[in-house]
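Here the structure is laid out as C-alpha cells; the discussion comes afterwards.
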Amino acid sequence: MTHTRLNPIYTGMPVTVFEHMSGLARSLGAINLGQGFPDTPPPPTLTAAAIRAMAERSQQYPPSAGLPELREAVAGYYARTQGLALAREQVIVTSGATEAIAAAILAVVGNGDEVLLFAPAYDAYAPLVRRAGGVPVFVPLNPPDWLYDEGAIRAAITPRTRAMIVNDPLNPTGSVASSDELALLARICAEHDLIAICDEVWEAVRFDGRPHRSLLAEPGMAARAIKIGSAGKIFGATGWKVGWMAADAALAGVLAKAHQFLTFTTPPMLQWAAAEGLADPSITAALHEDWSASRSVLIEGLAHAGFAVLESSATWFACIDLAASGVVLDDRTFSERAVREAGVASIPLSALWEGDDGPNTIVRLCHCKPPAMLEDAVVRLSHWRGGL
Ligand code: GLN
C-alpha cells in the first residue's frame with residue numbers, strides 16, 4: 039500500500055548511513071569502524087553508579103528539565119573544564135544530544151526560516167530543520183582543513199536567516215574551529231541577530247592538547263547560543279542517550295518547553311550516574327588516554343599501509359582520502375564494497391553532504407576500538423586494496 043498521506047520528508051528518506059553500515063557490519067560479521075561508538079564497556083564506576091541508582095533511588099518521572107543534581111553537575115563540569123559560568127537553571131537535560139538538537143530547532147525555527155548548515159553536516163540537522171518548517175541553507179567548509187569561509191557565509195545570509203548550526207569539533211572530519219573562526223561566527227550572529235545552535239558533543243574528545251572553547255563564550259553570544267553536550271560521548275556510553283542544552287535563562291526556559299513535548303524526561307538512573315561521573319575528573323582522564331592510544335594505532339597503521347590520512351584533532355574519527363591513497367573508487371562505492379569484500383565498515387563523507395558538489399573520495403573510520411581490532415582492520419583494508 040502506498041502511504042500518500044504520510045509526510046514526504048520521511049517517506050522519501052533512506053535509513054541513516056550509520057544504521058545502514060552498522061546493519062551491514064552485523065549481518066556480514068565485519069569490523070565496524072562506521073558508526074561511532076567504543077567497543078569496550080564504559081568505566082565500571084559509572085555502571086555501578088547507574089545500578090546503585092536503579093536499586094536505591096526513584097525510578098519514577100524525574101523533573102522534565104532534568105534532575106537538579108545533573109543540571110548542577112553539568113554546570114560544574116563546564117566551569118571546571120571550559121571556564122563557563124552557568125547556573126543550574128540554564129541546563130536542560132535531554133534524551134541524548136539528538137533530542138537536544140531537535141528541541142533547539144523546534145524552539146528556534148518557524149515556517150520559512152532559513153538555517154545555515156555547514157557541510158559536511160551531521161545527517162539529522164537538515165531533516166529536522168525541514169520538519170520544523172524551515173529551510174536548510176548549506177555553506178560548504180573548505181577541505182582539506184574544513185575552514186569557515188566568511189564570504190560564503192555572508193553570501194548565504196538573507197533577511198529570512200534565523201539561525202546557524204555549528205558542530206565544533208566537527209563530525210565527520212575531526213577538525214576544530216580556530217579562535218579566529220569562532221570570533222567570526224560570533225560577529226556574524228550578532229550582526230544578523232542569529233541564534234547559534236552549537237552541537238559540541240565532541241568537546242571532551244580532543245587530541246590537540248587544547249581545552250575546548252565554546253561559541254557560547256564568545257563576546258555577544260551568551261544570549262544567542264544554545265550549547266549542546268552529550269554524556270554518551272564524554273563517557274563513551276553512546277546507548278545511554280543522556281544529553282543536555284545550556285543557554286541563557288530566558289532561552290533555556292523556552293527550550294525546556296520544546297523538550298517537554300518531545301521525550302519529556304530522561305531515565306533517572308542514568309542521570310544520577312552521569313552526575314556522579316561528571317564530578318570525577320579521573321574518569322574522563324582515563325578514557326581520554328585510552329582513546330588517544332587507539333587513535334594513534336589506527337592513524338599510524340593506515341599511514342604505514344599507504345593510506346592518505348587527513349589531519350584531524352578531535353572526535354573518534356579519522357578520514358582517509360581515497361584518491362590520494364591511490365584508490366580509484368568513489369567513497370560510497372568504497373564503503374559498500376569494503377564492508378562486503380574486506381570486512382570493514384566505514385562511512386562515506388558524501389552521505390553527510392546534500393547534492394553532488396561535495397568531495398566524494400573521503401571515508402571516515404572510527405578509532406575508539408581495541409588496538410588489535412584496528413590493526414586487523416588496517417591489514418584487511420590494505421590486502422583488499424592490493425587486489426582492486
Ligand atoms: N554520532 C554517530 C556517528 O557519527 C552516529 C549516531 C547515530 O547513528 N545516530 O557515528
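Residues 39 to 426 (the working numbering) are what the sequence shown spells out, left to right. Idealized CB from N, CA, C, for every residue including glycine. Small disclaimer: the values here were computed from a predicted structure and weren't measured.
1) When you measure from the CB of T54 to every non-hydrogen atom of the ligand GLN, does any distance come out below 7 Å?
2) Enumerate in chain order the residues of its own chain whose CB-to-CB distance from V177 is below 6 Å, with the five nearest sequence positions on each side excluded.
3) Any chance the CB of Q73 is under 7 Å from a heavy atom of the ligand GLN?
4) Give every residue of the same chain whose Cβ lies closer than 6 Å to the Cβ of G74, excluding the five residues on either side of it in the sequence, and list them in chain order.
5) Pick from C357, R118, S330 and A331: whose alpha carbon is nearest that of L340?
6) In the structure shown, what three-state DSSP assignment does F156 receive?
7) N209: beta carbon under 7 Å from a heavy atom of the ligand GLN?
8) Quick one: what's got a C-beta closer than 8 Å to E107's C-beta in the same chain, skipping five residues either side?
9) Excluding sequence positions up to five away, which residues of its chain have a Cβ less than 8 Å from the Cβ of V335?
10) According to DSSP, is D237 part of a helix, a strand, or is it coil?
11) Give a single yes or no on whether E57 has its beta carbon closer than 7 Å to a heavy atom of the ligand GLN.
12) According to DSSP, which residues form a beta bridge with N180?
13) Could you pull out every residue in the same chain whose Cβ sits closer than 7 Å to the Cβ of S300, ignoring the five residues on either side in sequence?
14) Is there contact here, the region 291 to 298 with the region 84 to 104, by at least three beta-carbon pairs under 8 Å?
15) Rank G393, T42, D369 and V365 by C-alpha distance to the C-alpha of L422 and give the top, closest one.
16) Figure out for me which residue from N45, V55, T49 and P181 has the closest Cα to the Cα of L390.
17) Hey, L387 and P81: beta-carbon distance below 8 Å or not?
18) For A93, count neighbouring C-beta atoms within 10 Å of its own C-beta (all shown protein chains included) and say buried if the count is 16 or more, exposed if not.
19) Just the Cα atoms here: how many angstroms apart are S420 and I226?
20) Could you check whether A117 and F245 sit closer than 8 Å to each other, using their CB atoms as the reference points?
21) Quick check: what's the CA-CA separation for L62 versus R375?
22) Kindly indicate if chain B contains any beta-carbon less than 8 Å away from that of E241.
23) Taking all protein chains shown into account, do 16 or more other C-beta atoms lie within 10 angstroms of the C-beta of L426, making it buried, or fewer, making it exposed?
24) Buried or exposed for M51, going by 16 or more other Cβ atoms inside 10 Å?
25) Use the C-beta contact count for V53: other C-beta atoms within 10 angstroms, 16 or more gives buried, fewer gives exposed.
26) Rounded to a whole number of angstroms, what is the C-alpha to C-alpha distance between R168 and Y160?
27) Helix, strand or coil: which one does DSSP assign to K279?
On the basis of the data shown:
1) Your numbering for residue 54 matches position 16 in the sequence shown. Because some heavy atom of the ligand GLN lies under 7 Å away, the Cβ of T54 counts as near it: yes.
2) Taking the sequence shown and counting its residues from 1, one reaches residue 177 at position 139. Excluding the 5 residues flanking it on each side, V177 has same chain C-beta neighbours closer than 6 Å at L154, F156, A190, I191 and A194, in chain order.
3) Within the sequence shown, the letter at position 35 stands for residue 73. Yes, since a heavy atom of the ligand GLN falls inside the 7 Å radius drawn around the Cβ of Q73.
4) For the purposes of this step, residue 74 is identified with residue 36 of the sequence shown, where counting begins at 1. Once the five neighbours on either side are set aside, the close Cβ partners of G74 are W354 and C404.
5) Looking up residue 340 in the sequence shown gives position 302. Comparing Cα positions, the closest option is C357.
6) Walking along the sequence shown from the start, residue 156 turns up at place 118. The answer is strand: DSSP assigns F156 an E or B state.
7) Here residue 209 refers to the residue found at position 171 of the sequence shown. Within the cutoff, so yes.
8) Residue numbering aside, residue 107 sits at position 69 when the sequence shown is read from its first letter. Within the same chain, E107 has close Cβ partners Q309, W310 and A313.
9) Numbered from its first residue, the sequence shown carries residue 335 at position 297. For V335, where only same-chain residues beyond five positions count, the Cβ hits under 8 Å are H405, P409, L412 and E413.
10) Along the sequence shown, read from residue 1 onward, the residue named residue 237 stands at position 199. In the structure shown, D237 falls within a strand segment according to DSSP collapsed to helix, strand and coil.
11) Against the sequence shown, residue 57 aligns to sequence position 19. Checking the Cβ of E57 against the ligand GLN gives yes.
12) Start at 1 with the first residue of the sequence shown, and residue 180 comes out as number 142. According to DSSP, N180 bridges with L185.
13) The residue you call residue 300 lines up with position 262 of the sequence shown. Note that residue 300 is Leu in the sequence shown, not Ser. Hits under 7 Å: E137, A140 and A141.
14) The region 291 to 298 vs the region 84 to 104: in contact.
15) Taking the first residue of the sequence shown as position 1, residue 422 is located at position 384. Residue identity check: residue 422 is Trp in the sequence provided, not Leu. For the set G393, T42, D369 and V365, the Cα lying nearest the Cα of W422 is the one of V365.
16) Locating residue 390 in the sequence shown gives position 352, counting from the first residue. Nearest of N45, V55, T49 and P181 to L390, Cα basis: V55.
17) Translated into positions along the sequence shown, residue 387 becomes position 349. Translated into positions along the sequence shown, residue 81 becomes position 43. Result no, Cβ atoms of L387 and P81 do not sit closer than 8 Å.
18) The count along the sequence shown starts at 1 and reaches residue 93 at position 55. Taking all protein chains in view, the Cβ of A93 is surrounded by fewer than 16 other Cβ atoms within 10 Å, so the residue is classified as exposed.
19) Locating residue 420 in the sequence shown gives position 382, counting from the first residue. Locating residue 226 in the sequence shown gives position 188, counting from the first residue. Roughly 45 Å separates the two Cα atoms.
20) Against the sequence shown, residue 245 aligns to sequence position 207. Against the sequence shown, residue 117 aligns to sequence position 79. Inclusion of F245 and A117 in the CB contact set at 8 Å is not warranted, their separation being larger than that value.
21) Taking the first residue of the sequence shown as 1, we reach residue 62 at position 24. Taking the first residue of the sequence shown as 1, we reach residue 375 at position 337. Rounded to the nearest whole angstrom, the C-alpha separation of L62 and R375 is 11 Å.
22) Absent from the structure is chain B; it holds one protein chain and no more.
23) Looking up residue 426 in the sequence shown gives position 388. It counts as exposed.
24) As a working mapping, residue 51 is identified with position 13 in the sequence shown. It is exposed - the Cβ of M51 has fewer than 16 other Cβ atoms within 10 Å.
25) Along the sequence shown, one-based indexing puts residue 53 at 15. With fewer than 16 other Cβ atoms within 10 Å, it is exposed.
26) Residue numbering aside, residue 168 sits at position 130 when the sequence shown is read from its first letter. Residue numbering aside, residue 160 sits at position 122 when the sequence shown is read from its first letter. Cα-Cα distance, rounded: 14 Å.
27) By one-based count along the sequence shown, residue 279 stands at place 241. Of the three classes helix, strand and coil, the one that applies to K279 here is coil, per DSSP.
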